[in-house]
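Residues 1 to 86 in full-length UniProt numbering are what the sequence shown spells out, letter by letter. Glycine residues also receive a C-beta, built at the ideal position from the N, C-alpha and C atoms. Note sheet for the following structure.
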Amino acid sequence: MHLLSTEIKQLIIDSLNLEGMTPDEIDTQAPLFGEGLGLDSIDALELGLALKNRYGVVLSAESDDMRQHFYSVETLAAFVSAQRSK
């Protein structure tokens, strides 16, 4: 799971153009939105598209669970891992 978390951190950096940031600077358990990394709803859309393209995961904007999955890198990694095993 550590490798997947690092991959997701790099995907966040690349897809959102967070220049000058490294995966080590993103706390795996910190919130991605608001007080944590400070992402917004546009970032969520871009990140969702990047995750779909990279890992083939199925995302649903209507799902209440999506907010929980996008909480942190840790929860995203768990979601991607669960989707891949289906």
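The alpha-carbon of G48 is positioned some 13 Å away from that of E62. Your pair L37 and A30 checks out as a contact, with CB atoms roughly 7 Å apart and the cut at 8 Å. If you draw a straight line from the Cα of S5 to the Cα of V73, it is about 6 Å long. Note on L3: under 16 other CB atoms within 10 angstroms of its CB, so exposed under the neighbour-count rule. Bridge partners of F33 according to DSSP: L39.
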